[in-house]
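2 protein chains.
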Amino acid sequence: MPIGIFDYGVGGLTVMKEIMEQLPDEHILYLGDTARVPYGVRSPGTVLNYSLENARFLVSKGIKFLVVACNTSSAVSLGMLKEKFSLPVIGVVGPGARAAVQMTKMKRVAVIGTETTINSGSYEKAIRSLDDSIQVTGVACPLFVPLIEEGWLDGEIVSLTAAKYLSSIRNDSADTLVLGCTHYPMIKHVIAATVRVPLIDSAVETAREVKAILEQGGMLRTGKGSALKKYFVTDAPGKFRDVGRKFLDHTIENITKISLGNT
Amino acid sequence: MPIGIFDYGVGGLTVMKEIMEQLPDEHILYLGDTARVPYGVRSPGTVLNYSLENARFLVSKGIKFLVVACNTSSAVSLGMLKEKFSLPVIGVVGPGARAAVQMTKMKRVAVIGTETTINSGSYEKAIRSLDDSIQVTGVACPLFVPLIEEGWLDGEIVSLTAAKYLSSIRNDSADTLVLGCTHYPMIKHVIAATVRVPLIDSAVETAREVKAILEQGGMLRTGKGSALKKYFVTDAPGKFRDVGRKFLDHTIENITKISLGNT
């Protein structure tokens, strides 16, 4: 059975990319809820409803493991999804938080993400539940996602935007910065040049945990033949294919447009 | 009966602002479909469905006139809405196009807007149906809306972004530029400084036509008492109130959160 991954758009493909690198033999189903993008500006109740519909769809297709490859959705809906479904469910917040706790020496961690993710305080809660002596600072960076989706990954505009958002982190003397949005690995180089503190990439950490859990549970795929990838979107498959290729660093085929709720 | 206005978010409030200035005695109902913002990245079919639900809601509240204060929605759904409902319906594309035809002397008009609006070619069709000797150039500016919603209305980042999007217009020698998105009046000063050609503000032109049609049809409000304004949103009323105030240039009260489709 495949691993199921959902996000509201192309961002979760950075997580899928890392899973493909660490687990090249696994089948994967990816759902991008592109009709309702972006979750980062929606209220928690709305995000919860959408996440449940996404998870139901993937579970109905027969998956062995669910990855919520979206920080906003992980922040808001992971507990509920774990309760509702009897399969392993992992989000991107937990792995990012665990890696941050291991990395920080000064016990000062900064987190950047969408408004909803930062306002939810989910990274702060996750980090402080592991070590409550750690001080966590969150900074919302709403323009990063549209800039990245526009493909402006280098140059003055993205650098100035990073400088504007991240100036408090530079002065704040945090020694660890969590990329709390699956889009942000695409501008890792710009962020690293601006803040000059070590970065945690939740996509990498999540893939690592997926691999560990599958190994420990004896759930790795043992079948022969090449690993299949299938993609489902709720709107605009052509745009998903074109923009998504950059996120996945791989061509995207087998895209099916589906309906969820009233999309 | 009130005038009904809808948009996917706060952008249409620039149209409402102009209507309030030109028709201060009219009651107005405003619907912001904030749960499904932004329409500019969605496929035409999805925009059509959402527009129909928005219009149905306002018509069910009893309105005398429907204003589609969203370029994306006007571009895609105006014809269908005019067919479905037996009340006057106006979009923002027609008034903007008519003003552009009157203004251009060189017969070269540039239009800026979201990807969906520009790809729909709606301004080009509307302008060329009035005068097919006019050459129309469309430029999509996807980052303007998130920049404006972030409140970055001045400074280097918005200027550089405008320069990047509008460089072709500067060299193209158009003598008229249509702001084909209701958000854009918020950065009119930046756009004007970048392109140095006269701008058409669709919000102003639309308000002018609403007034003319109500006058000609004897439909102006004659009742006494102050004009009532009511607002409906499908998500996040607090954010609508805070961000919307800048667009309307007026405080926003009487906001009700409603559900449409599965929002």
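As they're listed, the protein sequences go chains L and P. Be aware that the first sequence starts at 2, since it is given in my numbering, and climbs by one per residue. Be aware that the second sequence starts at 2, since it is given in my numbering, and climbs by one per residue. Note that beta-carbon positions come from the ideal geometry of N, C-alpha and C, so glycine has one too.
Checklist entry - So with Cβ pairs under 7 Å, would you call residue 22 (chain L) a contact of chain P? => result As a working mapping, residue 22 (chain L) is identified with position 21 in the first sequence. Among the residues facing chain P, residue 22 (chain L) is not included, as its CB has no counterpart in that chain under 7 Å away.
Checklist entry - Taking Cβ positions only, does residue 236 (chain P) come closer than 7 Å to chain L? => result Position 235 of the second sequence holds residue 236 (chain P). Cβ-Cβ to chain L under 7 Å: yes for residue 236 (chain P).
Item to check | For residue 114 (chain P), the residue or residues it bridges with in DSSP | outcome: Translated into the one-based positions of the second sequence, residue 114 (chain P) becomes position 113. Beta-bridge pairing links residue 114 (chain P) to P:141.
Next on the checklist: If contacts are defined as beta-carbon pairs under 8 Å, then residue 182 (chain P) and residue 118 (chain P) qualify, I think. What distance do you get, rounded to the angstrom?
Outcome noted: What you label residue 182 (chain P) is simply residue 181 of the second sequence in a count that begins at 1. What you label residue 118 (chain P) is simply residue 117 of the second sequence in a count that begins at 1. Indeed, because the Cβ distance is near 7 Å, the residues count as touching under 8 Å.
Checklist entry - With a CB to CB cut of under 8 Å and the five nearest residues on each side skipped, what residues in its chain are close to residue 129 (chain L)? => result Position 128 of the first sequence, counted from the first residue, corresponds to residue 129 (chain L). In the same chain as residue 129 (chain L), and ignoring 5 residues on each side of it, the C-beta atoms closer than 8 Å to its own belong to 135 and 137, in chain order.
Next on the checklist: Let me check understanding here. Comparing Cα to Cα, which of P:67, P:178 and P:115 lies closest to residue 107 (chain P)?
Outcome noted: Here the question's residue 107 (chain P) lines up with position 106 in the second sequence. Closest by C-alpha distance to residue 107 (chain P), out of P:67, P:178 and P:115, is P:178.
Next on the checklist: So that I know if they touch, is there some Cβ in chain L lying closer than 7 Å to that of residue 151 (chain P)?
Outcome noted: Here residue 151 (chain P) corresponds to residue number 150 of the second sequence, with the count starting at 1. For residue 151 (chain P), the answer is yes, since a Cβ of chain L falls inside 7 Å of its Cβ.
Next on the checklist: Considering only their Cβ atoms, is the gap separating residue 143 (chain L) from residue 15 (chain L) smaller than 7 Å?
Outcome noted: As a first step, residue 15 (chain L) is located in the first sequence; it is residue number 14 there, counting from the start. As a first step, residue 143 (chain L) is located in the first sequence; it is residue number 142 there, counting from the start. Cβ atoms of residue 15 (chain L) and residue 143 (chain L): not closer than 7 Å.
Checklist entry - Taking only runs of the beta strand (DSSP E) that begin and end inside the stretch 52-111 of chain P, which ones reach a length of at least 3 residues, in chain order? => result Listed in chain order, the complete beta strand (DSSP E) runs (minimum 3 residues) inside the stretch 52-111 of chain P are 66-69 and 90-92.
Checklist entry - What did DSSP end up calling residue 47 (chain P) once you bin it into helix, strand or coil? => result The residue labelled residue 47 (chain P) in the question sits at position 46 within the second sequence. Secondary structure at residue 47 (chain P): helix, using DSSP grouped into helix, strand and coil.
Item to check | Distance between residue 96 (chain P) and residue 21 (chain P) (C-alpha atoms, nearest Å) | outcome: Within the second sequence, numbered from 1, the residue matching residue 21 (chain P) stands at position 20. Within the second sequence, numbered from 1, the residue matching residue 96 (chain P) stands at position 95. The alpha-carbon atoms of residue 21 (chain P) and residue 96 (chain P) are separated by roughly 17 Å.
Next on the checklist: Assuming the contact rule is C-beta atoms closer than 8 Å, residue 59 (chain L) and residue 49 (chain L) should be a hit. Round their C-beta distance to whole Å, please.
Outcome noted: Numbered from 1 along the first sequence, position 58 holds the residue referred to as residue 59 (chain L). Numbered from 1 along the first sequence, position 48 holds the residue referred to as residue 49 (chain L). Between residue 59 (chain L) and residue 49 (chain L) a beta carbon distance of about 16 Å is seen, past the 8 Å cut, so the two are scored as non-contacting.
Item to check | Run of the beta strand (DSSP E) containing residue 257 (chain L), from where it starts to where it stops | outcome: Taking the first residue of the first sequence as 1, we reach residue 257 (chain L) at position 256. 256-258 is the extent of the beta strand (DSSP E) around residue 257 (chain L).
Checklist entry - According to DSSP, is residue 245 (chain L) helix, strand or coil? => result Mapped onto the first sequence, residue 245 (chain L) falls at position 244. When secondary structure is reduced to three states using DSSP, residue 245 (chain L) falls in the helix class.
Item to check | Unbroken stretches of the alpha helix (DSSP H), 4 residues or longer, contained in the stretch 141-214 of chain P | outcome: Entirely contained in the stretch 141-214 of chain P, the alpha helix (DSSP H) runs reaching 4 residues are, in chain order, 145-150, 157-173 and 189-196.
Checklist entry - beta strand (DSSP E) containing residue 38 (chain L): first to last residue? => result For the purposes of this step, residue 38 (chain L) is taken as residue 37 along the first sequence, with counting starting at 1. Counting along the chain, residue 38 (chain L) falls outside any beta strand (DSSP E), and DSSP gives it neither H nor E.
Checklist entry - residue 161 (chain P) to residue 121 (chain L), Cα distance in whole Å? => result Along the second sequence, read from residue 1 onward, the residue named residue 161 (chain P) stands at position 160. Along the first sequence, read from residue 1 onward, the residue named residue 121 (chain L) stands at position 120. For residue 161 (chain P) and residue 121 (chain L), the distance between alpha carbons rounds to 32 Å.
Next on the checklist: I'd like to know whether the C-beta of residue 74 (chain L) is nearer than 7 Å to at least one C-beta of chain P.
Outcome noted: For the purposes of this step, residue 74 (chain L) is taken as residue 73 along the first sequence, with counting starting at 1. Residue 74 (chain L) is outside the set of residues whose beta carbon lies under 7 Å from a beta carbon in chain P.
Checklist entry - Are residue 12 (chain P) and residue 190 (chain P) close, meaning C-beta to C-beta below 7 Å? => result Counting from 1 along the second sequence, the entry for residue 12 (chain P) is found at position 11. Counting from 1 along the second sequence, the entry for residue 190 (chain P) is found at position 189. Going by beta carbons, residue 12 (chain P) and residue 190 (chain P) fall outside the 7 Å limit.
Checklist entry - Taking the alpha-carbon positions, what's the residue 159 (chain L) to residue 180 (chain L) distance? => result The count along the first sequence starts at 1 and reaches residue 159 (chain L) at position 158. The count along the first sequence starts at 1 and reaches residue 180 (chain L) at position 179. The straight-line gap from Cα to Cα measures roughly 16 Å.
Next on the checklist: Does residue 20 (chain L) come out as helix, strand or coil in the three-state DSSP assignment?
Outcome noted: The residue labelled residue 20 (chain L) in the question sits at position 19 within the first sequence. Three-state result, residue 20 (chain L): helix.
Item to check | Residues within the stretch 158-191 of chain L neighbouring chain P, beta-carbon criterion of under 9 Å | outcome: Answer set for the stretch 158-191 of chain L: 158, 161, 162 and 165.
Checklist entry - How big is the Cα-Cα spacing for residue 98 (chain L) and residue 76 (chain L)? => result Here residue 98 (chain L) refers to the residue found at position 97 when the first sequence is read from its first residue. Here residue 76 (chain L) refers to the residue found at position 75 when the first sequence is read from its first residue. Annotation: residue 98 (chain L) to residue 76 (chain L) spans about 12 Å, alpha carbon to alpha carbon.
Item to check | Inter-residue spacing [alpha-carbon to alpha-carbon] between residue 261 (chain L) and residue 188 (chain L) | outcome: On the first sequence, residue 261 (chain L) is found 260 positions in, with the first residue counted as 1. On the first sequence, residue 188 (chain L) is found 187 positions in, with the first residue counted as 1. One C-alpha to the other measures close to 31 Å.
Checklist entry - Bridge partners of residue 1 (chain L), per DSSP? => result As displayed, chain L neither begins before 2 nor continues past 264, which places residue 1 (chain L) out of reach and without an answer.
Item to check | Residues near residue 132 (chain P) by beta carbon distance below 6 Å, same chain, minus five either side | outcome: Counting from one through the second sequence, the residue named residue 132 (chain P) turns up at place 131. For residue 132 (chain P), where only same-chain residues beyond five positions count, the Cβ hits under 6 Å are 102.
Checklist entry - Any C-beta of chain P sitting closer than 7 Å to the C-beta of residue 147 (chain L)? => result Within the first sequence, numbered from 1, the residue matching residue 147 (chain L) stands at position 146. Yes, its Cβ sits closer than 7 Å to a Cβ of chain P.
Item to check | C-beta contact flag for residue 52 (chain L) and residue 78 (chain L) at 7 Å | outcome: Along the first sequence, one-based indexing puts residue 52 (chain L) at 51. Along the first sequence, one-based indexing puts residue 78 (chain L) at 77. Contact: yes.
Item to check | Length of the line joining the Cα atoms of residue 234 (chain P) and residue 33 (chain P) | outcome: As a working mapping, residue 234 (chain P) is identified with position 233 in the second sequence. As a working mapping, residue 33 (chain P) is identified with position 32 in the second sequence. Roughly 5 Å separates the two Cα atoms.
Item to check | Rounded separation between residue 84 (chain L) and residue 57 (chain L) - CA only | outcome: Within the first sequence, numbered from 1, the residue matching residue 84 (chain L) stands at position 83. Within the first sequence, numbered from 1, the residue matching residue 57 (chain L) stands at position 56. Approximately 13 Å, taken between the alpha carbons.
Checklist entry - Name the chain L residues whose beta carbon is nearer than 7 Å to that of residue 44 (chain P)? => result In the second sequence, counting from the first residue as 1, residue 44 (chain P) sits at position 43. Correct list: 236 and 237.
Checklist entry - Is the beta carbon of residue 28 (chain P) sitting closer than 7 Å to the one on residue 229 (chain P)? => result Against the second sequence, residue 28 (chain P) aligns to sequence position 27. Against the second sequence, residue 229 (chain P) aligns to sequence position 228. Using a Cβ distance threshold of 7 Å, residue 28 (chain P) and residue 229 (chain P) count as a contacting pair.
Checklist entry - For residue 5 (chain P), does the three-state DSSP call read helix, strand or coil? => result Within the second sequence, numbered from 1, the residue matching residue 5 (chain P) stands at position 4. In this structure, residue 5 (chain P) counts as strand in the three-state DSSP scheme.
Item to check | For residue 42 (chain P), the three-state DSSP class (helix, strand or coil) | outcome: As a first step, residue 42 (chain P) must be located in the second sequence, where it is residue number 41. The answer is helix: DSSP assigns residue 42 (chain P) an H, G or I state.
Checklist entry - What's the call for residue 255 (chain L), buried or exposed, on a 16-neighbour Cβ count within 10 Å? => result Walking along the first sequence from the start, residue 255 (chain L) turns up at place 254. The residue is exposed, with fewer than 16 neighbouring Cβ atoms inside 10 Å.
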